[in-house]
Structure formats: structure tokens, C-alpha cells
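Report on the structure given below.
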Amino acid sequence: MPSARVAWFLAVATGLGLALAFPYPDFYALAWVALVPVIVASVGAGSWRRWWTGFLAGFVWRVGSLYWIAHVMINYGGMSTPVGMAVASLLAAWMALNTALILLLAPIAVRHGIVGAVVFASGWVSLEYLQAILPFGFPWSFLGYASGGSTVMMQASDLAGVWGLSFAAVFVNVVIAQRIILGRRALPSAVAAAVLVIGIAGYGVWRLSVAPLPGDVVGSVEHRVRVATVQGNVDQRRIWDPDERRSILANHVDMSLEAVARGADLVMWAESSVPVRGGLESDLSTRTMLAQFARQNETVLVVGSPHYENLPSGEWKATNSSFLVDTDGDWTMRYDKVHLVPWGEYVPASWLFRFVTPLVDAVGSFHRGSRDQALFGEPDGGIPPFAMAICYEVVFPDHMRRQVARGAKFLATITNDAWFGDTSAPYQHFSMARFRAVETRRYLVRAANTGISGFVDPWGRVLKSTGVNQSSLLLGEVWPSDETTLYVAIGDVLPQLCVVLTLVGVVFCRLRPPAPLHPTNERSDEDEREK
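Letter by letter, the sequence shown follows residues 18 to 548 of the numbering used here.
Written out as C-alpha cells, the structure is:
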């Protein structure tokens, strides 16, 4: 067993490796090996040291990949630099609990061969799944998302979602640790890991080999949809300034007129692109102007703006919404954001987290939308049904899947990433959105206020994209799809199965004699510890 000092060093190495696996610098292959140091450091250690070793690894990882949270808190949350950094550290510590908990299973992972590796990987995916379904969860940077750095590897996400890649990466990490500790006795596990990696890579190579070349015609020309994304590049401090509203709208309209002149059937503006504090219902002139634009140019328009509804109780219900204006100039559809950012768009347990109130006030305290809202689309305007996601909710694997299962032919997401400035957050956000295209085998269009806007094909390839913090207009073609992937059909069965496998597997391994850490008939006290 490594000394405490060596164990801390190995934990930090794991944390740094995991942070570097995501954008930027996006060394995705590190996700398949970075857990090895902390697993090796934890085998043979007591429960308390395993917990703290895992916590340290997770904390370093989250601080390294989510450092931009401090930027948001300091610049837009009204916090001083020390307080903003402290709040970001609290979030990192909260998310580090996952790695702390899973490292308790390190002895099982190493000493029970293939079964142990399956149990550990299942436990990891189970904890990621809880992040996606619990109110306090923050499903950012699942381990499987790191494989977005390889278009080949990410193809397998159409089978079981990003969950499958998380499972595979953790399984491989465990097997490498087994080989280091057990040597040749881990050969069966090594063979299983090799088969898994070769299978994923082979599947990816095959899917890409039969895919059309990027930009090729993939269907009837009459069925294509020419979509434009308007990236207004409005600084976050300007968005809600009433004196800036007219110039912001004028800039968006001018860019949209250019899009129409270039043949756009659908024009998409970003989240909060129509900055009306009281909601569009209170601004008749803006509604009329946008309706006239759509009608006169025979173009479908999608915009983002808050929506306010006066409830029978007399209270106001606010939602973060997107609106569709059809070619007749009618405001026919509204989509309300379902997955709100905790402590950003609403404050769970607000009595406990009063310190983030300034940030929430800057955005607006919103209510959730219904999970089964009508799909956007305009058949008369040649726009088939499409899925919608606003900002953060695109990182939830099931969100787009549910809409595709109900008939969405392509995917659209609008976002305002102006909060993040010149950090890695916009790149992380865009990378995760690409997985939704592969999981559902649908084209994805992304309109972002400050970038990254872009077009992604059903194989996760970026066809067009903008830079960050620049005004830009993109025009691309989207081809509707009716394909039903395995993931669309079965949903989140894998993570749910992983929960069961973890619980059953832990009991099974506790009842089954573990393999000795050393090839002798005697085991040290350390080897007998499997708490």
C-alpha cells in the first residue's frame, strides 16, 4: 500500500488527468487511464483513506474543469474574488463526493476480476445517473463526454447513450489497475477490456465508413431545411439594459434579413435574444415587429425570451422560454425550459443558499416547463417537427431522446454562454451537445449568443461553427431523419441497470473470497481489509 504522501500525489495526478481530458485541452484519451493512479493508491487502504483519496482526486478534477464557475460568480453574482472562488470550491467539493464514494469500492474492483471491474464501472455510472435525476445534481462532464474528442469512439453512444462510454472508460481504468497490482492474474480482465475497446472503436469506424461525407446530400432536396443561426454577441451586462434593447433587436433583424436573402427557411436566435424584462406579452411593438418580419419574408423565426404568466392566485410565473413565429406571422408555439440551472435560474433550499441570490436575480427566478411539450415545427413552411433544448438542459441525455421518440426529425438548441467569458465552458458545452446528435442520429443546430453556434451532423461531425465572443451568421442545411437508434428505443436502461448491478455486485463480492494482492497463500492484514 502506498504511503499517505504517495497516495495524495496519485490522487492529484488522477484529478489533473481527468481535468485535462475535457475541453480544453481535450486530451480525451486520458479519461481511459486517469483513474488508474487513485485506484492503485486506494487498494489495501482503509475506508477512511480511500474516501479522502477519492475526494481529493474528484476535487482537483472539478476545480480544474469547472474553474469558470468562479468567473461567473465574481463577474455576475456580485461576489468578491475570495467569495466567488469559495463558492466554486464548494460546488467542486459537492461533485467530488462521487469519486469519494466510488473509491470505497476500490478493493472490490481490483480483487474480483471482471466482476469487480463491472461493479466499479456500474457504481460510477450509477452516481452519474443520480446527478442527472436529482434536484441538486449537476450533470456536467460525465466521463463518457471526454470521448467526444474522438469522433470514432463517440459513435457507440447511439447504443446506450453517453452512459455506455462512461462505463467502458471506467472498466478499462480498473483493468489497467488490476494488471499493475495483480500482474498476469488479471489477464482475463485485460482480454475483456481489449475486446470492449476494439469493439467500440470498430463500431465507430464502421459507422463512419458507411456515413456520407460531411456536407453531402443525404435525402431529397425538397425535404432539406435551410437554417440560419444568428449570433448577436451581446455582452451579458448589456442584455437587460433597456437602453440597449433597440440596438440589440436591430442588429439581430439585420443579420436575419441577410439570412433570408441567402435562402434561410428557419432563422434561430439565441437564448434571451429578445431582452424584455416583463416578457414579450408586455411588449406589443416587439411582438408586432418580429411577426411582420416572419410574414413579410415567409420565414419561420425562433427567438428566446422570458415568459410571464399571471396565475389565478395573483402570483406571476416566469419561465425561460423560446418562441416560434410562423410564416403567417403568428406566435404559434412556446417551449419552456425544463431543466433549470440550480442556484443559477432557481435556488433550491433558498433559505440555506441566500448568498447566490444576486446571481439568480440577474437571470430571473424561473419555473420549470412540462416534460412533454409540443414539438416545434411549421409543416406549412416546410419545417418538420424538431426537438428543442435551452442552454444547460442539452447536457441531459434523456432530454432530446424523449422528443425524438415523439417524432422530432432534427435537434435545435439555443443558449446564452456570455456568462462564461474567455473560459473553457463554451467549448465543454458545445462538445456535450454533439453527443445528442450521435445518440439520436439527428442533425443538431445550435444558436449561441456569444458562441459557439454550429451545425453537427448525425455522426457528431461539426459541419460549421463560429468562434467565441464574435458576431456571426451561419447558414447550413439540415436533413430530417426518421431513424430510431437503440438508445432512443430503450432510453436510460443502462444506468438503471447499473444501479441494480452495483447493489447486487457489492453483496456478491463481499460473500466471495477475493483474489490475494500477492501470489502467496498468506495475506497481510492490509490484503484482508475490504471495508
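Note that beta-carbon positions come from the ideal geometry of N, C-alpha and C, so glycine has one too.
What are the uninterrupted segments assigned as beta strand (DSSP E) that are 3 or more residues long and contained completely in the stretch 387-471, given in chain order?
-> 393-395, 400-407, 427-432 and 461-465
Proximity to residue 560 [Cα-Cα], best of 34, 415, 151 and 284 | The structure shown does not extend to residue 560, since the chain is modelled only from 18 to 548, so the question has no answer here.
Considering only residues of the same chain and omitting the five flanking positions on each side of residue 394, which have a CB-CB separation below 7 Å?
-> The sequence position of residue 394 within the sequence shown is 377, counting from 1. Closer than 7 Å at Cβ, skipping near neighbours: 400, 401, 402 and 403.
Label residue 389 either buried or exposed according to how many other C-beta atoms from any shown protein chain fall within 10 Å of its C-beta, with 16 as the threshold for buried.
-> Walking along the sequence shown from the start, residue 389 turns up at place 372. Per the 10 Å Cβ criterion, exposed.
Whole angstroms is fine: what's the gap from residue 281's alpha carbon to residue 131's?
-> What you label residue 281 is simply residue 264 of the sequence shown in a count that begins at 1. What you label residue 131 is simply residue 114 of the sequence shown in a count that begins at 1. One C-alpha to the other measures close to 53 Å.
Determine the closest residue to residue 142 out of 126, 184, 156 and 324, with distance taken between C-alpha atoms.
-> Locating residue 142 in the sequence shown gives position 125, where the first residue counts as 1. Looking at the Cα atoms, 184 is the closest of the given residues.
Since residue 208 is in the alpha helix (DSSP H), which residue starts that stretch and which ends it?
-> As a first step, residue 208 must be located in the sequence shown, where it is residue number 191. Start and end: 204-226.
Between the C-alpha atoms of residue 31 and residue 74, what's the straight-line distance to the nearest angstrom?
-> Your numbering for residue 31 matches position 14 in the sequence shown. Your numbering for residue 74 matches position 57 in the sequence shown. The alpha-carbon atoms of residue 31 and residue 74 are separated by roughly 6 Å.
Could you work out which residue in 155, 244 and 200 is closest to residue 430 when comparing CA atoms only?
-> Taking the first residue of the sequence shown as 1, we reach residue 430 at position 413. If we check each option's Cα against that of residue 430, 244 comes out closest.
Whole-angstrom distance between residue 407 and residue 246, CA atom to CA atom = Position 229 of the sequence shown, counted from the first residue, corresponds to residue 246. Position 390 of the sequence shown, counted from the first residue, corresponds to residue 407. Each residue's alpha carbon lies about 14 Å from the other.
Option nearest residue 434 by Cα separation, candidates 252, 513 and 158 | Against the sequence shown, residue 434 aligns to sequence position 417. Comparing Cα-Cα distances from residue 434 to each of 252, 513 and 158, the minimum goes to 252.
Alpha helix (DSSP H) containing residue 99: first to last residue?
-> The residue given as residue 99 occupies position 82 in the sequence shown. From DSSP, the alpha helix (DSSP H) with residue 99 extends over 98-119.
Look at the Cβ atom of residue 344, then the Cβ atom of residue 305, and state whether they are nearer than 8 Å.
-> Along the sequence shown, one-based indexing puts residue 344 at 327. Along the sequence shown, one-based indexing puts residue 305 at 288. Their beta carbons are not under 8 Å apart, which means residue 344 does not touch residue 305 by this criterion.
Look at the alpha carbon of residue 298 and the alpha carbon of residue 495, and state the distance between them as a whole number of angstroms.
-> In the sequence shown, the residue the question calls residue 298 occupies position 281. In the sequence shown, the residue the question calls residue 495 occupies position 478. Approximately 31 Å between the Cα atoms of the pair.
Between the C-alpha atoms of residue 618 and residue 457, what's the straight-line distance to the nearest angstrom?
-> Limits of the chain in this structure are 18 at one end and 548 at the other, which puts residue 618 out of reach.
Taking three-plus beta-carbon pairs below 8 Å as touching, is the stretch 119-133 in contact with the stretch 510-526?
-> yes
How many whole angstroms separate the CB atoms of residue 551 and residue 359, which I take to be in contact at a CB cut-off of 8 Å?
-> Outside the shown range of the chain (18 to 548) lies residue 551, about which nothing can therefore be said.
Distance between beta carbons of residue 189 and residue 78, contact taken as under 8 Å = Within the sequence shown, the letter at position 61 stands for residue 78. Within the sequence shown, the letter at position 172 stands for residue 189. Their Cβ separation, rounded to whole angstroms, is 17 Å, which puts residue 78 and residue 189 out of contact at 8 Å.
What first and last residue would you give for the beta strand (DSSP E) that runs through residue 163?
-> Against the sequence shown, residue 163 aligns to sequence position 146. Premise fails: residue 163 is in no beta strand (DSSP E) and is neither H nor E.
Quick one: is residue 356 buried, meaning 16 or more other Cβ sit within 10 Å of its Cβ, or exposed?
-> Within the sequence shown, residue 356 is the residue found at index 339, counting from 1. By the neighbour-count rule (16 or more Cβ atoms within 10 Å), residue 356 is buried.
Separation of residue 302 from residue 174, as counted between CA atoms | On the sequence shown, residue 174 is found 157 positions in, with the first residue counted as 1. On the sequence shown, residue 302 is found 285 positions in, with the first residue counted as 1. Looking at the two C-alpha atoms, the distance is approximately 45 Å.
Is the beta carbon of residue 384 sitting closer than 8 Å to the one on residue 335?
-> For the purposes of this step, residue 384 is taken as residue 367 along the sequence shown, with counting starting at 1. For the purposes of this step, residue 335 is taken as residue 318 along the sequence shown, with counting starting at 1. Yes, the pair counts as a contact, with Cβ atoms nearer than the cut-off.
May I ask you to list the residues that DSSP assigns as paired with residue 495?
-> Indexing the sequence shown from 1 puts residue 495 at position 478. According to DSSP, which records beta bridges pairwise, residue 495 is partnered with 242.
Considering only residues of the same chain and omitting the five flanking positions on each side of residue 324, which have a CB-CB separation below 6 Å?
-> Residue 324 sits at position 307 when you count from the first residue of the sequence shown. Hits under 6 Å: 296, 336 and 338.
Between which two residues does the beta strand (DSSP E) harbouring residue 510 extend?
-> Position 493 of the sequence shown, counted from the start, is the residue given in the question as residue 510. Note, residue 510: premise wrong, no beta strand (DSSP E); alpha helix (DSSP H) at 510-528.
Best match in 346, 350 and 333 for proximity to residue 340 [C-alpha to C-alpha] | Mapped onto the sequence shown, residue 340 falls at position 323. Of 346, 350 and 333, the residue nearest in Cα terms is 350.
Where residue 133 falls, given that 16 or more other Cβ within 10 Å makes a residue buried | To locate residue 133, count along the sequence shown from 1; it is residue 116. Its Cβ being crowded by 16 or more others within 10 Å, residue 133 is buried.
In chain order, which continuous runs of the alpha helix (DSSP H) of length 4 or greater are located wholly inside the stretch 254-311?
-> 262-278
In whole angstroms, what separates the C-alpha of residue 272 from that of residue 483?
-> Position 255 of the sequence shown holds residue 272. Position 466 of the sequence shown holds residue 483. Approximately 15 Å, taken between the alpha carbons.
Going straight from the alpha carbon of residue 193 to that of residue 52, what length do you get?
-> Against the sequence shown, residue 193 aligns to sequence position 176. Against the sequence shown, residue 52 aligns to sequence position 35. Distance between the alpha carbons of residue 193 and residue 52 is about 9 Å.
How many whole angstroms separate the CB atoms of residue 555 and residue 121, which I take to be in contact at a CB cut-off of 8 Å?
-> Since the first and last residues shown for the chain are 18 and 548, residue 555 lies out of range.
Should the stretch 254-264 be called in touch with the stretch 201-220, which here means at least 3 C-beta pairs below 8 Å?
-> no
Buried or exposed (CB count within 10 angstroms, at least 16 for buried), residue 97 = Locating residue 97 in the sequence shown gives position 80, counting from the first residue. Per the 10 Å Cβ criterion, exposed.
Quick one: what does DSSP say residue 504 is sitting in, helix, strand or coil?
-> Along the sequence shown, read from residue 1 onward, the residue named residue 504 stands at position 487. Three-state result, residue 504: helix.
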